[in-house]
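At position 45 of the sequence shown (counting the first as 1) the number is 45 in UniProt numbering, and the numbers step up by one without a gap. Quick reminder that beta carbons are idealized off the backbone N, C-alpha and C, glycines included. Please read these numbers as outputs of a predicted model, since none were measured by experiment. The structure appears below as structure tokens.
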Amino acid sequence: MAATLQAKKRENLKTSNTRAIRSAGEVPAIIYGYQVEPKTVAVDSIELLKTVRDEGKNAIISLQVDGDAVDVMLHDYQIDPLRDELVHADFYAVNMKEEMDVQVPIVLEGEAIGAKEGGVLQQPLYDLSIRAKPKDIPEQITIDVSDLAVGDSILVSDLKEGRNYDILEDEGTTIVSILVPDEEPAEDSAVDEPAEPEVIEGDKKEHGDSEQ
């Protein structure tokens, strides 16, 4: 079920009005995409951030614009780096019957046996590229790593069947692995330098006597 978010039409695009919208705690935004004429709107900043936090970045949002509902996804957004505030958002209207390509975050759960034994857990892949209808896009891909021993790995090909989406990544791509810990270098591993020739006192004395 899509999350619901209220939006207001925004027809006055003057800079002064845009500033007033932000001062009121709202974010100027634009809607475009499937069967939608591009239109400018404003949404509550806190409600938008809460929706994305609770539902995920690929959530389908039912955007209510003056009584009309549009199924959208948050396609892009801009943040003021100085104030750390949301300043603009782009909503893409989706066709609920058509597949689309998205990136879904990969989340690891559990503590690997190999990590407990001193191995190093490495995760080369943090997002999985998939193709799915909007309603079938998962919030995240969860992988249990509890049984991984040192030297084990999980590849894209190891992901379970029965999903409602196609994976676009190469099957041989490593998602997570447990590496063998680095071995400490041995203390005697340094190359021995040639020893200084030993001076024999006796020979020195005899040599000195012969000169006298």
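For this session: Taking all protein chains shown into account, decide if Val191 is buried (16 or more other Cβ within 10 angstroms of its Cβ) or exposed.
Result: Within the sequence shown, the letter at position 191 stands for residue 191. Below a pLDDT of 50, predicted positions are generally treated as unreliable, and Val191, at 48, falls in that range; the measurement from the model is reported next regardless. The residue is exposed, with fewer than 16 neighbouring Cβ atoms inside 10 Å.
Exercise. Counting pairs of Cβ atoms below 8 Å between the region 104-124 and the region 137-156, do you hit three or more?
Worked result: Counting Cβ pairs under 8 Å, three or more are found: they touch.
Exercise. What separation, rounded to the nearest whole angstrom, lies between the Cα atoms of Thr18 and Pro28?
Worked result: Mapped onto the sequence shown, residue 18 falls at position 18. Mapped onto the sequence shown, residue 28 falls at position 28. Computed Cα separation, rounded: 7 Å.
For this session: Jot down the residue ranges of each uninterrupted beta strand (DSSP E) in the region 73-126, minimum 3 residues, whole runs only, in chain order.
Result: DSSP runs (the beta strand (DSSP E)) wholly in the region 73-126: 85-93, 100-109 and 120-122.
Exercise. Assuming Gly151 and Ile178 make a contact with CB atoms under 8 Å, what is their CB distance in whole Å?
Worked result: The residue labelled residue 151 in the question sits at position 151 within the sequence shown. The residue labelled residue 178 in the question sits at position 178 within the sequence shown. Rounded to the nearest angstrom, the Cβ distance from Gly151 to Ile178 is 7 Å, consistent with a contact under 8 Å.
Problem set entry | Candidates Ala3, Glu171 and Val180, of which the one nearest Leu125 by Cα | Here residue 125 corresponds to residue number 125 of the sequence shown, with the count starting at 1. Leu125 has its Cα closest to that of Glu171, out of Ala3, Glu171 and Val180.
For this session: Check the C-beta distance from Ala42 over to Ala7 and give it rounded, since I have them as a contact under 8 Å.
Result: Translated into the one-based positions of the sequence shown, residue 42 becomes position 42. Translated into the one-based positions of the sequence shown, residue 7 becomes position 7. Right, their Cβ atoms sit about 7 Å apart.
Exercise. Going by Cα to Cα distance, which pick from His88, Thr51, Ser153 and Gly119 is closest to Leu5?
Worked result: In the sequence shown, residue 5 corresponds to position 5, counting from 1. With distances taken between Cα atoms, Leu5 lies closest to Thr51.
Exercise. Can you tell me where the alpha helix (DSSP H) with Leu49 in it begins and where it stops?
Worked result: Position 49 of the sequence shown, counting from 1, holds the residue named residue 49. Judged by DSSP secondary structure, Leu49 falls within the alpha helix (DSSP H) whose first and last residues are Ser45 to Glu55.
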